[in-house]
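Taking the working numbering, the leading residue of the sequence shown gets 277, the next gets one more, and so forth.
Only one structure is covered here, and it is reproduced in the block below.
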Amino acid sequence: MYSHKKFTLGESNPTYQLTGSDGSRYVLRKKPPLKLINKKIHWIEREYKILHALKNSGVPVPDVYCLSVDESVIGTPFYIMEFLDGRVSEAWELPGVSPEDRKDMWMDATRNLAKLHTLDVRTLDLKNFGQPARFYERQLSTITAITEAQAQIKDAATQKPIGPIMHSDELFSFFKTHRKRPREMTTLIHGDFKIDNIVFHKTEPRVIGFLDWEISSFGHPISDLAHFLTCNVAASVGVINRRSSLFIVGVTPGLPSADEVLGWYKEFTGWDPRPDLAWASAFDMLKLSVICQGIKARKAFGQSSTAAEEHIKNGNDIAETARRLIVQIEKTNKPRLML
Numbered sequence: 277m278y279s280h281k282k283f284t285l286g287e288s289n290p291t292y293q294l295t296g297s298d299g300s301r302y303v304l305r306k307k308p309p310l311k312l313i314n315k316k317i318h319w320i321e322r323e324y325k326i327l328h329a330l331k332n333s334g335v336p337v338p339d340v341y342c343l344s345v346d347e348s349v350i351g352t353p354f355y356i357m358e359f360l361d362g363r364v365s366e367a368w369e370l371p372g373v374s375p376e377d378r379k380d381m382w383m384d385a386t387r388n389l390a391k392l393h394t395l396d397v398r399t400l401d402l403k404n405f406g407q408p409a410r411f412y413e414r415q416l417s418t419i420t421a422i423t424e425a426q427a428q429i430k431d432a433a434t435q436k437p438i439g440p441i442m443h444s445d446e447l448f449s450f451f452k453t454h455r456k457r458p459r460e461m462t463t464l465i466h467g468d469f470k471i472d473n474i475v476f477h478k479t480e481p482r483v484i485g486f487l488d489w490e491i492s493s494f495g496h497p498i499s500d501l502a503h504f505l506t507c508n509v510a511a512s513v514g515v516i517n518r519r520s521s522l523f524i525v526g527v528t529p530g531l532p533s534a535d536e537v538l539g540w541y542k543e544f545t546g547w548d549p550r551p552d553l554a555w556a557s558a559f560d561m562l563k564l565s566v567i568c569q570g571i572k573a574r575k576a577f578g579q580s581s582t583a584a585e586e587h588i589k590n591g592n593d594i595a596e597t598a599r600r601l602i603v604q605i606e607k608t609n610k611p612r613l614m615l
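The following block contains the structure:
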C-alpha cells in the first residue's frame, strides 16, 4: 500500500510523493486533468524520454521506472521516478545556508549545466526529439501562437478574455524584426533551468538532480543561462521586487553575480556567453511573461493552485524587464549587460 501527498512546487504537471508501507519513496508525475490549453507544456512523455536518455550521462537526473499513457489508470498519462532525498529551494537566493555553501551550490549548478551543454548527443537515445536548428525562430513562432490562444481564454467569473501580456506589441515587434539575435549554436538544453528545479544534497553544497524536463529540446545553450540568471538581470536593469532585490550585487552574502556565473560557465565550456546575454535574457523574459499569462489562463479554468497568484502578479514586472532590455539593446551596437 502507498500513501501520497502533492508537492507544492510545479504549476504545469501535478507531482506527488508516494510512500510505501515499508518506507520506500517514489515520485509520480502526471498531466493535469480537464482541458489542456497548451499540450506541449504538459508533455510528460517527452520528459520521461529525456530522463531515460540521460541516465549514466554524467548529468544528474532521477531514475525513471515506468510510463503509462493509459488514461483509464488514474485519469491522465503519468510516469514514476526516483525520489531524490535532498534539498529543493523555492527561494533562488538559497536562504538558510552559509555564504560559502551558497556560492558553491550556484557554482555546482553551473558546472552541471555545462555538462549538459557539452554532451555528445549522438551517444543518447534521442531520435525524433526535435529540430536541431533555428531555435529562436521556432521558439518565437511557438510562443506567438500560445499567447494569442491564451489571450482569448475567458475568465469563468467575468466572461471577459484575460487579454495579452503587457508591452505585447512592442516586444513581439522587436523579436520579429530584429537581427541582433545570438549566432546559431545547438546543444541539448533543459528549457526551464532555475534553482527551484534543482535538488541539492541534504548537507553538502552539490547538485544531485535536475528536475522538470518537459520542455527540454535541442536549442541554444544561452537560453538556459538567461533563464538561470533571471533575477540577476532584472536587478541589473532596475526592475526591483521582493525576489530581484536580493540579487543586487552585494546584498546577499555568497550569492554570485551574473558575471561570476558566466565566468564559471566559460571556464567549464570554453565559450563566453556574455555578448549574447542581453538579447537572450529579453527573449526569456518574453517567454516568462507568456508563461505567467498561461498560469492566469489555467486559473480562469480552475486548474492552477493558490501559489499561482504570485506568478500572475510577477507577469508585469517580467514584461517590463524585457522592454527595458530591448531599449538597451537598441541603443548600442554592443548589447552587453552591465553585470
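Glycine residues also receive a C-beta, built at the ideal position from the N, C-alpha and C atoms.
As the structure is a prediction and not an experimental result, all values here were calculated from the model.
Less than 8 Å between the CB atoms is what I'm expecting for residue i and residue j, so what's the real figure, rounded?
{"i": "P549", "j": "L501", "result": "6 Å"}
{"i": "F486", "j": "P336", "result": "6 Å"}
{"i": "I320", "j": "K331", "result": "Not a contact, Cβ separation roughly 17 Å."}
{"i": "L392", "j": "H466", "result": "6 Å"}
{"i": "D535", "j": "W368", "result": "Contact doesn't hold; Cβ gap of about 17 Å is too wide."}
{"i": "I484", "j": "K572", "result": "Their Cβ separation, rounded to whole angstroms, is 34 Å, which puts I484 and K572 out of contact at 8 Å."}
{"i": "L304", "j": "F354", "result": "6 Å"}
{"i": "P529", "j": "D380", "result": "At roughly 13 Å, the Cβ-Cβ gap does not stay under 8 Å, so P529 and D380 are not in contact."}
{"i": "A558", "j": "I605", "result": "7 Å"}
In whole angstroms, what is the alpha-carbon distance linking residue i and residue j?
{"i": "T352", "j": "D346", "result": "7 Å"}
{"i": "R378", "j": "L531", "result": "6 Å"}
{"i": "K542", "j": "M357", "result": "33 Å"}
{"i": "E323", "j": "F494", "result": "13 Å"}
{"i": "G362", "j": "I441", "result": "36 Å"}
{"i": "R519", "j": "C507", "result": "7 Å"}
{"i": "A598", "j": "D298", "result": "50 Å"}
{"i": "A554", "j": "T420", "result": "21 Å"}
{"i": "K589", "j": "V513", "result": "19 Å"}
{"i": "S279", "j": "L294", "result": "6 Å"}
{"i": "F411", "j": "H496", "result": "6 Å"}
{"i": "E376", "j": "I474", "result": "18 Å"}
{"i": "G570", "j": "K478", "result": "33 Å"}
{"i": "K281", "j": "D488", "result": "18 Å"}
{"i": "R301", "j": "M383", "result": "29 Å"}
{"i": "L395", "j": "L402", "result": "12 Å"}
{"i": "K563", "j": "T291", "result": "23 Å"}
{"i": "S344", "j": "D431", "result": "33 Å"}
{"i": "K607", "j": "E460", "result": "23 Å"}
{"i": "I326", "j": "S492", "result": "8 Å"}
{"i": "I594", "j": "N388", "result": "27 Å"}
Which residues mark the beginning and the end of the alpha helix (DSSP H) in which residue i is found?
{"i": "H503", "result": "P497 to F504"}
{"i": "M381", "result": "P375 to H393"}
Please report the residue range of the beta strand (DSSP E) in which residue i lies.
{"i": "L304", "result": "R301 to K306"}
{"i": "M561", "result": "Not the beta strand (DSSP E): M561 falls in the alpha helix (DSSP H), residues L553 to F577."}
{"i": "V246", "result": "Here the chain covers residues 277 to 615 and nothing more, so residue 246 does not appear."}
{"i": "F354", "result": "F354 to E358"}
{"i": "S279", "result": "Y278 to K282"}
{"i": "L370", "result": "Element bounds for L370: n/a, residue is neither H nor E."}
{"i": "T291", "result": "T291 to G296"}
Buried or exposed for residue i, please, with buried defined as at least 16 other CB atoms from any protein chain shown within 10 angstroms of its CB.
{"i": "T386", "result": "buried"}
{"i": "V527", "result": "exposed"}
{"i": "G372", "result": "exposed"}
{"i": "V509", "result": "buried"}
{"i": "C342", "result": "exposed"}
{"i": "F451", "result": "buried"}
{"i": "E490", "result": "buried"}
{"i": "G406", "result": "exposed"}
{"i": "A329", "result": "buried"}
{"i": "N404", "result": "exposed"}
{"i": "G591", "result": "buried"}
{"i": "F338", "result": "One detail in the question is off: residue 338 reads as Pro in this sequence, not Phe. Flag for P338 reads buried."}
{"i": "Q415", "result": "buried"}
Inset, instruction - Could you tell me which uninterrupted beta strand (DSSP E) segments, each at least 3 residues in length, are contained entirely in the region 398-437, listed from first to last along the chain? - result: Runs of the beta strand (DSSP E) lying entirely within the region 398-437 and spanning at least 3 residues: none are present.
Legend entry - beta strand (DSSP E) segments (min. 3 residues) lying fully within the region 448-487: Entirely contained in the region 448-487, the beta strand (DSSP E) runs reaching 3 residues are, in chain order, 463-465, 474-476 and 483-486.
Inset, instruction - Within the region 503-544, note down every full alpha helix (DSSP H) run reaching 4 residues or more, in order along the chain. - result: Runs found: 506-512.
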